[in-house]
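> Quick one: this structure, given as structure tokens, is what I'll be asking you about.
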Amino acid sequence: MKGNLAHWINQPGISKVLKVLRAVVAVALCMTAWGFAQHNLDHARIKEVRIFWQDQHGLHMLKDQDVHAFLGPLQGKLRTDIDQKERSLRKLPYLSEAELCYDTDHTLMVFLNHREPVLRVLPERTYGYYLAADGVGLPLKADFAAPVPVLLGKIPLRPPLPQQSRNKGLTLALMVMESMNKDSLLEPLMTQYIVTGADSNALILKTLSGQEIWVGTSMDLSSKLRNLSSFYRFAPTDSAPESFRSINLIFKNQIVCR
């Protein structure tokens with residue numbers, strides 16, 4: 053019986069048919085495997101890129117379109133390692149935090165925290181930069197302007213980078229501004245912060261009316277600013293702070309006016 057079957061299979065016509073059938077089965081198996089692979093690839097493609105801003109201030113020098121351009125065209129492409137892109141985003145001075153992850157729907161989620169620009173720094177002969185609350189310099193962008201006080205005087209020409217040691221004048225200005233921002237009376241009045249001193253370690257404030265307030269160095273700073281706040285609030289009517297061209301806080305526990 054086995055001999056008869058072998059003889060029948062080896063007949064020229066039957067052998068050709070079997071070869072064709074084997075080829076058809078092989079092609080079918082390849083097509084099935086390719087179909088499964090394509091199905092898996094389609095499900096591994098990035099469906100969309102969504103950006104979420106974690107900060108609350110809303111003063112964004114970077115816009116969504118800037119982030120999309122920085123990441124490059126990703127929608128519809130295969131999922132890729134995002135660690136490198138995350139590290140690159142974190143190097144941008146505008147961002148204090150950046151985290152990328154995929155959700156279960158193959159959407160790339162981009163969580164960002166934008167540094168808040170709090171001062172517009174204007175060194176001589178340059179367009180300057182913005183200064184964030186943590187002391188990092190933010191390069192200017194043509195489509196952005198923030199309603200913040202101006203910082204002038206002996207200040208660095210270039211924006212300070214993250215992890216860079218802080219300039220004394222910038223540090224002092226940020227300390228004073230942080231205190232002013234907690235004072236509802238004084239904060240709206242201050243329009244200019246001017247760094248002075250041989251070591252850029254002293255500060256003068258200017259108000260909307262052009263009045264100068266000499267803060268001096270950081271020595272006894274909290275006491276100086278507390279006295280200034282009390283003076284503005286409780287000075288007698290014949291010695292109203294607004295009536296003086298300058299207020300000097302340099303002397304310990306004294307306010308000298310002219």
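Quick note on the working numbering: the sequence shown kicks off at 53 and runs consecutively. All C-beta atoms in this analysis are idealised placements derived from N, C-alpha and C, irrespective of residue type, glycine included. Computed from a predicted structure; not experimentally measured.
#1: Curious, which full-length alpha helix (DSSP H) runs of at least 4 residues does the stretch 150-191 contain?
#2: Taking the straight line between their C-alpha atoms, what separation do you get for Arg297 and Lys276?
#3: With DSSP as the reference, please indicate the residues paired to Asn253 in a beta bridge.
#4: Rounded to the nearest angstrom, what separates Phe283 and Val247 at their Cα positions?
#5: Taking the alpha-carbon of Gln117 as reference, which of Phe104, Gly128, Lys129 and His109 has the nearest alpha-carbon?
#6: For Gly268, which residues from the same chain have a beta carbon less than 6 Å from its beta carbon, with the 5 sequence-adjacent residues on both sides left out?
#7: For a test of the three-state rule: what should DSSP assign to Gln136, helix, strand or coil?
#8: Could you tell me which residues DSSP pairs with Gly268 in its beta bridges?
#9: Beta-carbon separation of Pro184 and Arg167 under 7 Å?
#10: Nearest by alpha-carbon distance to Tyr245: which of Leu222, Gln108, Arg139 and Pro125 is it?
#11: Given a cut-off of 7 Å, decide if Gly189 and Pro21 are closer than it, judged by their beta-carbon atoms.
#12: What does the alpha-carbon distance come out to for the pair Ile256 and Glu264?
#13: Run through DSSP, which three-state label would Met242 get?
#14: What does DSSP give as the partner residue(s) for Leu203 in the beta ladder?
#15: Of all the beta strand (DSSP E) runs that stay within the bounds of the stretch 268-307, which reach a length of 3 or more residues?
#16: What's the C-alpha gap between Phe88 and Ala96?
#17: Expressed to the nearest angstrom, what Euclidean distance is found between the alpha-carbon atoms of Gln136 and Pro191?
#18: What is the DSSP secondary structure of Leu144, reduced to helix, strand or coil?
#19: Do Pro201 and Met227 come within 7 Å of each other at the CB atom, strictly closer than that value?
#20: For Val101, list the residues DSSP reports as bridge partners.
#21: Can you check whether the CB of Val170 is closer than 7 Å to the CB of Ile207?
#22: Thinking just about the alpha-carbon of each residue, which of Pro145, Leu141 and Asp157 is nearest to the one in Phe163?
#23: According to DSSP, is Leu237 helix, strand or coil?
#24: With distances taken between CB atoms, is the gap from Leu130 to Val101 smaller than 7 Å?
With the given structure in hand:
#1: none
#2: 18 Å
#3: Paired residues: none, contrary to the question.
#4: 23 Å
#5: Phe104
#6: Ala254 and Ile302
#7: helix
#8: Leu255
#9: In the sequence under discussion, the amino acid at residue 184 is Ala, which differs from the Pro named in the question. Against a cut-off of 7 Å, the Cβ pair of Arg167 and Ala184 comes out as a contact.
#10: Leu222
#11: Residue 21 cannot be examined here, being either before or after the span of the chain that is shown, 53 to 310.
#12: 7 Å
#13: strand
#14: Val173 and Tyr245
#15: 298-300
#16: Since pLDDT at Phe88 reaches only 42, below the 50 mark, its modelled position is unreliable, and the value read off the structure follows with that caveat. Spanning the two alpha carbons is a distance of roughly 12 Å.
#17: 23 Å
#18: coil
#19: no
#20: Leu160
#21: no
#22: Leu141
#23: coil
#24: no
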